[in-house]
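Residue numbers (our numbering), protein chains in the order written: chain R, 347 to 414; chain Z, 2 to 247. To start, the structure itself, in C-alpha cells.
And the structure:
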C-alpha cells in the first residue's frame with residue numbers, strides 16, 4: 347500500500363508539480379491539436395502558441411501571488 | 002538504392018534520432034545525476050532489445066504516433082515545470098540556490114534511511130522515455146529502409162555506425178557540460194524538454210512540421226526567446242538587481 351502511495355505521489359509530482367495549470371493547459375491544447383489535425387488542418391503553429399500562453403499565465407499568476 | 006547509399010541514409014536518419022536521445026540523457030544526467038539516468042538508459046535498451054527481437058519486421062506495425070503523443074505530452078508537461086522554475090529563479094522570484102537546501106535535506110534523508118533513497122525516479126523516467134522512443138524510431142528506420150531495399154543488415158550497419166559516432170560525441174561533450182553552472186543547465190534542460198515535448202506531441206497528434214526534424218531548431222529558438230522575455234518581465238515587476246540565468 348505504501349508503495350502504491352509513493353508511486354501515485356511520484357506521478358503527481360512529475361505531471362502536476364507546482365502548478366496544475368501547466369498540465370491541464372497542455373492536455374486541453376494537445377486534444378485540440380489532435381482534433382484539428384484529424385479534420386484536415388495542419389495547424390503546426392497552434393501548440394507553440396498555446397505553450398507560450400500557458401507559461402505566461404503560470405508565471406504571471408506566481409508573480410501576482412508573491413506580490414500579495 | 003546502392004548499398005553505400007542505403008548505409009549512408011540509415012546512418013544519417015539514425016544519427017538524427019540518436020542525437021535527440023543523447024541531448025535528453027546528457028541534460029538529465031548532468032543536472033540530476035548519472036546513476037539513475039544510466040539505469041533509465043539501460044532499462045530502455047533492454048526494453049528495445051526485447052521488442053526488436055520479439056517483433057522483428059513486424060515493428061513497422063507498432064503505433065509510433067500514439068507513442069510520440071504520450072511521450073511528447075509527458076515531456077512537455079515536465080519540461081514546462083522546469084522552465085517555469087528556471088524563469089522564476091532567473092527573474093529573482095525564487096531563490097537561485099534552493100538546490101542547496103534540497104541537497105542538504107536529501108543528504109539528511111540518506112543518512113537517516115540508508116542508501117535506498119539514492120535512486121532518482123525523475124532522472125530514470127525521463128532518460129528511459131527519451132532513449133526508448135528514439136531507439137524505437139531507429140529500429141523503424143532500419144526495418145523500413147532495409148526492408149524496402151531487401152537488406153536490413155546493411156541498414157543496421159548504418160545505424161550501428163551512427164551509434165558509435167553519437168556515443169563518442171556524447172563522451173566529448175559531457176565533460177565541458179559539467180562545468181556549466183547548475184541553474185543555467187536547468188534552464189537549458191527546461192528549454193530542451195519543452196521543445197522536444199512540443200515537437201513529439203504535435204507529431205503524435207497528427208501534425209506535420211514544416212522542415213521535418215529541422216523545425217526542432219526553430220522550436221528551441223522560440224522557447225529560448227519566450228523564456229528570456231518572461232525573465233525580463235519578472236525582473237521588471239520584481240525590480241530586482243540585474244542577474245544572469247546562472
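Glycine included, C-beta positions come from ideal geometry on N, C-alpha and C. Computed from a predicted structure; not experimentally measured.
Cβ pair residue i, residue j closer than 8 Å
i, j, result
"residue 137 (chain Z)", "residue 65 (chain Z)", "yes"
"residue 41 (chain Z)", "residue 124 (chain Z)", "yes"
"residue 79 (chain Z)", "residue 186 (chain Z)", "no"
"residue 202 (chain Z)", "residue 393 (chain R)", "yes"
"residue 28 (chain Z)", "residue 190 (chain Z)", "yes"
"residue 165 (chain Z)", "residue 153 (chain Z)", "no"
"residue 161 (chain Z)", "residue 196 (chain Z)", "no"
"residue 192 (chain Z)", "residue 169 (chain Z)", "no"
"residue 401 (chain R)", "residue 81 (chain Z)", "yes"
"residue 404 (chain R)", "residue 365 (chain R)", "yes"
"residue 69 (chain Z)", "residue 212 (chain Z)", "no"
"residue 207 (chain Z)", "residue 380 (chain R)", "yes"
"residue 362 (chain R)", "residue 369 (chain R)", "yes"
"residue 84 (chain Z)", "residue 408 (chain R)", "no"
"residue 389 (chain R)", "residue 397 (chain R)", "no"
"residue 360 (chain R)", "residue 32 (chain Z)", "no"
"residue 121 (chain Z)", "residue 34 (chain Z)", "yes"
"residue 60 (chain Z)", "residue 53 (chain Z)", "yes"
Close-in-space but distant-in-sequence residues of the same chain around residue i (CB under 6 Å, 5 per side omitted)
i, result
"residue 163 (chain Z)", "12, 15, 16 and 19"
"residue 21 (chain Z)", "135"
"residue 1 (chain Z)", "In the structure as shown, chain Z starts at 2 and stops at 247, and residue 1 (chain Z) therefore has no counterpart that could be examined."
"residue 130 (chain Z)", "72"
"residue 114 (chain Z)", "Note that residue 114 (chain Z) scores 46 on pLDDT, short of 50, meaning its location in the model is unreliable; the coordinates nonetheless yield the value given after this. There are no such residues."
"residue 214 (chain Z)", "17"
"residue 210 (chain Z)", "216"
"residue 371 (chain R)", "400"
"residue 44 (chain Z)", "129"
"residue 5 (chain Z)", "none"
As assigned by DSSP and simplified to three states, the class of residue i
i, result
"residue 41 (chain Z)", "helix"
"residue 238 (chain Z)", "helix"
"residue 365 (chain R)", "coil"
"residue 208 (chain Z)", "coil"
"residue 225 (chain Z)", "helix"
"residue 203 (chain Z)", "helix"
"residue 95 (chain Z)", "coil"
"residue 30 (chain Z)", "helix"
"residue 219 (chain Z)", "helix"
"residue 387 (chain R)", "coil"
"residue 64 (chain Z)", "coil"
"residue 13 (chain Z)", "helix"
"residue 69 (chain Z)", "helix"
"residue 414 (chain R)", "coil"
Close beta carbons around residue i, own chain, < 7 Å, minus the five adjacent residues each side
i, result
"residue 88 (chain Z)", "228, 231, 232 and 235"
"residue 316 (chain R)", "As displayed, chain R neither begins before 347 nor continues past 414, which places residue 316 (chain R) out of reach and without an answer."
"residue 77 (chain Z)", "195, 198, 199 and 202"
"residue 167 (chain Z)", "16, 19, 20 and 23"
Integer Cβ distance of residue i from residue j, believed to fall under 8 Å
i, j, result
"residue 132 (chain Z)", "residue 26 (chain Z)", "6 Å"
"residue 373 (chain R)", "residue 74 (chain Z)", "7 Å"
"residue 155 (chain Z)", "residue 7 (chain Z)", "5 Å"
"residue 92 (chain Z)", "residue 239 (chain Z)", "6 Å"
Proximity test, residue i beta-carbon vs the ligand GDP heavy atom, cut-off 7 Å
i, result
"residue 54 (chain Z)", "Summarising the ligand content, the structure contains no ligands, and the ligand GDP is consequently not present."
Cβ-based neighbour list, residue i, same chain, cut-off 8 Å, excluding 5 preceding and 5 following
i, result
"residue 71 (chain Z)", "205"
"residue 9 (chain Z)", "159"
"residue 367 (chain R)", "400, 403, 404 and 407"
"residue 147 (chain Z)", "7, 11, 153, 154, 155, 156 and 157"
"residue 1 (chain Z)", "As shown, chain Z starts at 2 and ends at 247. That puts residue 1 (chain Z) outside it, with no answer to give."
**Message:** My parser needs the beta strand (DSSP E) runs of 3 or more residues fully inside the region 119 to 193 of chain Z; what are they?
**Reply:** Counting whole runs of 3 or more residues, the region 119 to 193 of chain Z contains no beta strand (DSSP E) stretch at all.
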